[in-house]
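Asks:
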Amino acid sequence: MAKKKLFIKTWGCQMNVYDSTKMADVLSPLGYDVVDIPDNADMIILNTCHIREKATDKVFSELGRLNEYKSRREQTGQSTIIAVAGCVAQAEGEFITERAPYVDMVFGPQTYHELPEMVAKATGAYGSNRVINTEFPTESKFDSLPSDSQDQHVSAFLSVQEGCDKFCTFCVVPYTRGSEFSRPALQIINEAKSLVAGGAKEITLLGQNVNAFHGDGLNGKTWGLGRLIHELAEIDGLKRLRYTTSHPRDMDDELINAHRDVDILMPFLHLPVQSGSDNMLKLMNRKHTADTYREIIAKIRDARSDIALSSDFIVGFPGETDQDHKDTMKLVEDIGYTLCYSFKYSPRPGTPGAKMGGIVTEQIKSERLQELQGLLNKQQHTYNVTSIGKTMPVLYDRKGQKDGQLLGKTPYLQSVHITAPDRLLGQIVDTKIELAHANSLAGSVVTTETTSTTTEKAKEQAA
Ligand code: 5AD
Ligand code: SF4
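Add 11 to the 1-based position in the sequence shown for our numbering, that's all there is to it.
#1: Is there contact here, the region 86-96 with the region 52-61, by at least three beta-carbon pairs under 8 Å?
#2: With LEU216 as the anchor, note down where its beta strand (DSSP E) starts and where it stops.
#3: Between VAL207 and THR255, how many whole angstroms is the CB-CB distance? I'm expecting something under 8 Å.
#4: Ignoring anything shorter than 4 residues or poking outside the region 257-324, list the alpha helix (DSSP H) runs there in chain order.
#5: Between the alpha carbons of MET262 and TRP234, how many angstroms are there, rounded?
#6: Can you find the residues in the same chain that come closer than 7 Å, C-beta to C-beta, to ASN296, ignoring five residues on each side of it along the sequence?
#7: What residues are listed by DSSP as bridge partners for HIS241?
#8: In chain order, what residues of the same chain have a beta carbon less than 7 Å from the beta carbon of GLU173, not counting five sequence neighbours either side?
#9: Measure the Cβ-Cβ separation of PHE324 and TYR352 and say whether it is below 9 Å.
#10: Would LEU17 and ASP53 qualify as a contact pair, given that the criterion is a beta-carbon distance under 9 Å?
#11: Looking at the structure shown, is ARG253 part of a helix, part of a strand, or coil, going by DSSP?
#12: If you compare alpha carbons, which of PRO278, LYS293, ASP302 is closest to SER316?
#13: Give me the DSSP bridge partner(s) of ARG2.
#14: How far does the alpha helix (DSSP H) with THR32 in it reach, from first residue to last?
#15: Between the region 68-85 and the region 101-116, do three or more beta carbon pairs fall short of 8 Å?
#16: With a 10 Å radius around its C-beta and 16 neighbouring C-beta atoms as the bar for buried, classify ALA449 as buried or exposed.
#17: Check the DSSP bridge columns for GLY97 and list the partner residues they point to.
#18: Using three-state DSSP, classify MET116 as helix, strand or coil.
#19: Please determine, among LEU38, GLU64, LYS337, the residue with the shortest C-alpha to C-alpha distance to ALA365.
#20: Kindly list the residues whose CB is nearer than 8 Å to the CB of THR362, restricted to its own chain and excluding five residues on each side of it in sequence; keep chain order.
#21: Do you know whose CA, among THR32, LYS355, GLN391, VAL28, lies nearest GLN374's CA?
#22: Is any heavy atom in the ligand SF4 found nearer than 8 Å to the beta carbon of VAL184?
#23: If you follow the beta strand (DSSP E) that ASP335 is part of, which residue opens it and which one closes it?
#24: Go ahead and pull the three-state DSSP assignment for HIS124.
#25: What is the residue span of the alpha helix (DSSP H) that ALA449 lies within?
#26: Taking a contact to mean a Cβ-Cβ separation below 9 Å, would you say PHE168 touches TYR29 in this structure?
#27: Per DSSP, LEU169 forms a beta bridge with which residues?
#28: Looking at the unbroken alpha helix (DSSP H) that takes in ASP68, where does it start and where does it end?
#29: Would you kindly report the start and end of the unbroken beta strand (DSSP E) that includes VAL45?
#30: What residue range is occupied by the uninterrupted alpha helix (DSSP H) comprising ILE199?
#31: Let me confirm a value: LEU292 is counted as buried when at least 16 other C-beta atoms fall within 10 Å, else exposed. Which label applies?
#32: Name the DSSP bridge partner or partners of MET54?
#33: Buried or exposed, going by whether 16 or more other CB atoms sit within 10 Å of the CB of THR349?
#34: Can you list, in chain order, every residue whose CB sits closer than 6 Å to a heavy atom of the ligand 5AD?
#35: At a cut of 8 Å, does the region 31-41 reach the region 75-82 through at least three beta carbon pairs?
#36: Please find out if some non-hydrogen atom of the ligand SF4 comes closer than 8 Å to the beta-carbon of GLN101.
Below, the structure is given as structure tokens:
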């Protein structure tokens with residue numbers, strides 16, 4: 012079979028990164044090999060994100076460039092398939108085909124297993140036709156996606172749950188990804204084993220609402236995420252587990268206790284609160300208060316005292332007053348985060364928030380974002396500085412930009428760079444932290460032996 016080149020450009024969350032590897036897996040038997048640069052690609056897929064408005068604009072400007080690329084190739088008799096996948100495709104399928112008629116395929120996140128049929132249709136096997144596929148099929152895509160992944164990363168993603176039934180009033184996800192769905196535990200465990208066999212030492216379990224996971228267990232009962240984590244921790248060769256993204260309401264005791272009991276579950280938790288004001292949390296339909304969030308965090312810290320905490324924040328949601336913003340600043344002071352993401356509210360079509368009154372001006376949004384980010388950056392830097400002098404097990408998963416440089420992650424998800432031989436790539440190496448920057452740490456290797464799988468040492472030092 013003649014080999015063809017496939018380039019996938021991915022925006023947005025880790026779920027999209029995972030989906031892109033799955034699309035590559037599905038297209039591989041059709042002769043498509045993934046390439047790192049778009050030059051000479053026979054198929055280009057834009058895997059898009061719809062969470063904030065700038066993402067959509069970027070897709071259209073990228074499509075303009077691709078139109079020129081496609082025309083240039085046509086002049087030399089070469090054809091190119093241009094596809095838009097992901098959440099923009101789901102939300103704006105018709106609009107894309109109207110505005111960019113040179114796009115051959117538009118398909119939503121639940122349809123990737125149908126790619127072979129879509130490609131056949133687009134390439135004229137049944138008479139050339141444009142494909143728009145934004146259905147939510149009744150069968151799960153996970154039943155037909157290959158479980159043998161070509162993903163050979165030492166740090167791999169594994170999707171366990173998808174969709175969301177929470178309907179936060181600012182968020183488009185329940186509309187683009189559909190309602191909540193959990194994969195059966197057996198399917199997940201098999202995929203995890205295949206990732207470990209392919210070289211993964213760390214697996215991050217993914218879901219839009221990952222801790223709402225409630226999949227069929229091996230014992231015929233429904234399992235929550237805590238139970239699943241216990242089971243995955245038994246896989247030989249797996250050294251680290253993480254999960255993201257969680258909702259405060261789904262932090263049940265089994266999951267919280269897994270942070271105490273499961274050695275390979277890393278001491279880092281991304282638990283978005285969005286705002287520290289009860290008024291805002293109510294308008295956002297978060298279904299918890301700032302104090303119940305504080306209580307959940309206290310329980311998690313009881314279970315694992317050294318846990319590093321992370322959150323997302325939205326400033327300038329409709330109706331947000333100066334006092335509401337102060338409440339957010341106070342919550343950040345109270346909790347103490349190590350790594351956060353914060354955004355200006357951007358109204359998404361079709362969500363309740365987009366119709367709410369009390370719009371906050373761009374000017375005020377910018378001021379509040381700047382103040383919040385100032386505090387979050389300060390907390391992150393202070394936290395990183397406390398790492399100096401400690402020895403931590405770091406999983407080196409990438410080469411750095413400079414010659415001889417490796418990049419890795421501490422158990423607390425801090426980025427570390429060192430100068431070290433390539434053979435340490437893919438290893439967990441005891442590393443002495445010597446420098447702290449705003450977003451990363453630098454250190455040197457203590458021992459070139461692979462360390463124990465546990466984070467006991469890190470725990471002792473943090474205590
Ligand atoms: N405007 C700004 N930020 C948003 N997020 C989700 N929807 C919006 C929106 N409409 C942020 C939330 C969420 C993160 C993934 O993106 O903070 O947790
Ligand atoms: Fe969006 Fe809220 Fe669901 Fe998270 S929990 S995906 S913010 S609706």
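Yeah, the Cβ is synthetic: ideal placement off N, Cα and C, and Gly gets one too.
Replies: Let me spell this out:
#1: yes
#2: 213-217
#3: Actually they do not touch by this definition, with Cβ atoms about 19 Å apart.
#4: 264-272, 289-294, 301-314
#5: 14 Å
#6: PHE178, CYS179, THR180
#7: The partner list for HIS241 (beta bridge, DSSP) is empty, contrary to what the question assumes.
#8: ARG188, PHE192, GLY218, GLN219
#9: yes
#10: yes
#11: strand
#12: PRO278
#13: Nothing in the structure corresponds to residue 2, since the chain is present only between 12 and 474.
#14: 25-38
#15: yes
#16: exposed
#17: THR59
#18: strand
#19: GLU64
#20: THR180, PHE181, CYS182, VAL183, TYR186
#21: LYS355
#22: yes
#23: Taken as a continuous stretch (DSSP letters only), ASP335 belongs to no beta strand (DSSP E), being part of the alpha helix (DSSP H) at 333-346.
#24: helix
#25: First-last for ALA449: undefined, no H or E at that position.
#26: yes
#27: LEU216
#28: 64-86
#29: 43-45
#30: 196-208
#31: buried
#32: LEU17, ILE92
#33: buried
#34: ILE62, ARG63, PHE181, CYS182, PRO283, GLN285, ASP323, ILE325, PHE354, TYR356, SER357, ARG359
#35: no
#36: no
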